[in-house]
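Here is the structure we will look at.
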Amino acid sequence: MTSHILPSQSFRPARSGGVGQAFGDLALAAARLTRALMSSLSRGVPRGRRHSAIEEANELRQFANGYLRTDPGFAADLMAAADRHELINEKA
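Counting from 52, one number per residue, gives the positions in the sequence shown under my numbering.
Encoded structure:
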């Protein structure tokens, strides 16, 4: 017959805040998250040089060229979108 002897250890009890403390912590975390989201939304977008419709369309065409070998259908859709973008914004 074998027996196992385990040394006894004393552990500190878990935080004794209960459900109320957990909800308080959750509310604090939610408030901090909300504050962080609101501050990130209120930041302005950096204003750089605005690209023309032709430049934007050319960038999209360059992006589409990367998909010509692996997904020619997707590349063709991107090329068509670039053409539409150029035509729509040319009239505006």
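Positions of the beta carbon are idealized from the N, C-alpha and C atoms, including for glycine. From a predicted model like this one, the values you see are computed outputs, not experimental measurements.
Cβ-Cβ distances below 7 Å link Glu141 to Ala104 in the same chain, with the five nearest sequence neighbours on each side left out; the list follows chain order. Where Gly71 is concerned, the enclosing alpha helix (DSSP H) starts and stops at Gly69 to Ser93.
Taking all protein chains in view, the Cβ of Leu88 is surrounded by fewer than 16 other Cβ atoms within 10 Å, so the residue is classified as exposed. By the Cβ rule, the segment 108 to 117 does not count as touching the segment 71 to 87, because fewer than three pairs are nearer than 8 Å. Around the C-beta of Ala133, 16 or more other C-beta atoms lie within 10 Å, and the residue is accordingly described as buried. Phe62: not part of any alpha helix (DSSP H); DSSP gives it neither H nor E.
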